[in-house]
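What follows is one structure encoded as structure tokens, with my remarks underneath.
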Amino acid sequence: MNNPLDISAYIIELSQKTGEPITNMKLQKLVYYSFAWYAAEKETPLFEEEILAWQYGPVVLSIYRLIKIMEQIQLKKLEKEILRLLMNLQSH
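Counting from 0, one number per residue, gives the positions in the sequence shown under numbering that gives the first Met the number 0.
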């Protein structure tokens, strides 16, 4: 059985290779479409984790949580970079 995080990592890798940006919502939908296509073709689920129906589309919680953590890390890096730039500006 596949892991939805591995599937999302593959989709992210493809988006980076093609230069096509990907949002959390777009990633969730592509994972959902992959799940649906695989289930229709193979008559078995692509992975076992439940896909939830949220207001704006399908959500796999493990992917959602990982993306949110990654966004927080990126924000912290950005905040540090902004502070570093501000400190450099003040020293000149």
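Don't be surprised by glycine CBs; every beta carbon is placed ideally from N, CA and C. Given the structure is predicted, the values throughout are model-derived calculations rather than measurements.
{"Item": "Close beta carbons around N2, own chain, < 7 Å, minus the five adjacent residues each side", "Value": "F46"}
{"Item": "At least 3 beta-carbon pairs within less than 8 Å: the region 25-39 vs the region 56-69", "Value": "yes"}
{"Item": "Whole-angstrom distance between Y9 and I66, CA atom to CA atom", "Value": "14 Å"}
{"Item": "Sheet register partners of L51 (DSSP bridge)", "Value": "V58"}
{"Item": "I81 burial status per 10 Å Cβ neighbour count (16 or more: buried)", "Value": "exposed"}
{"Item": "Rounded separation between R83 and M0 - CA only", "Value": "45 Å"}
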